[in-house]
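Numbering (this note's numbering), first residue to last: 148 to 307.
Yeah, the Cβ is synthetic: ideal placement off N, Cα and C, and Gly gets one too.
From a predicted model like this one, the values you see are computed outputs, not experimental measurements.
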C-alpha cells in the first residue's frame with residue numbers, strides 16, 4: 148500500500164478541521180453570557196410601616212446623585228410614598244420631617260396630612276413616588292425613583 152496516496156486525504160481533513168475549529172472559536176466568544184441585569188425594583192415588607200412612622204430611604208444613581216424618598220402608612224391605612232422634596236422648596240435640599248400624622252416641609256414649615264400624600268401634588272406637597280403592594284411588599288420600580296433625580300441634583304453643591 149502506498150502511504151503517499153493517503154497524505155492528501157489527511158491534509159484535506161486537517162485543513163477542514165482547522166477552518167471549522169477556527170470558525171467556531173469566535174462564535175463561542177459571541178455567545179458568552181450577558182452581564183446580569185441591574186435590579187429593577189426595590190421591595191420593602193408592608194409590616195415595616197405598620198406603626199405609621201415615615202421611613203426615609205436613599206437611592207444612589209450611576210451618575211452619583213442621591214435620590215431621597217420616604218414611605219409611610221397614613222392614618223387611613225394606605226401605604227404611601229413620596230420623594231423627600233417638592234416642586235417649590237426642593238432647591239433648598241431640606242426635605243420633610245414627620246410630626247404625628249403630618250409631614251412638614253423643613254424649609255417653609257407647611258404641614259401635609261399623611262392621607263393626602265400621593266393624592267395631591269404640586270406646590271410644596273411631597274412629590275408623589277409610584278408604588279404598588281405585591282405579595283406583602285411595597286414595590287417601587289427603579290425607573291420611578293430615577294424620575295425624582297431632578298429634585299436632588301443640587302447634592303453636589305453641598306445642599307444635600
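In the structure shown, residue 205 falls within a strand segment according to DSSP collapsed to helix, strand and coil. Annotation for residue 218: the continuous beta strand (DSSP E) segment containing it runs 213 to 220. Beta-bridge pairing by DSSP links residue 192 to 284.
Put simply, of 293, 286, 297 the residue whose alpha carbon is nearest the alpha carbon of residue 188 is 286. Boundaries cannot be given for residue 264, as no beta strand (DSSP E) includes it and DSSP labels it neither H nor E. Annotated three-state conformation of residue 230 is strand, per DSSP.
DSSP places residue 290 in the uninterrupted alpha helix (DSSP H) bounded by 289 to 293.
Annotation for residue 246: the continuous beta strand (DSSP E) segment containing it runs 243 to 246.
Going by beta carbons, residue 242 and residue 232 fall inside the 8 Å limit. In the three-state reduction of the DSSP assignment, residue 186 falls in the coil class. In the assembly as shown, residue 273 is a buried residue. Its beta-carbon has 16 or more other beta-carbons within 10 Å.
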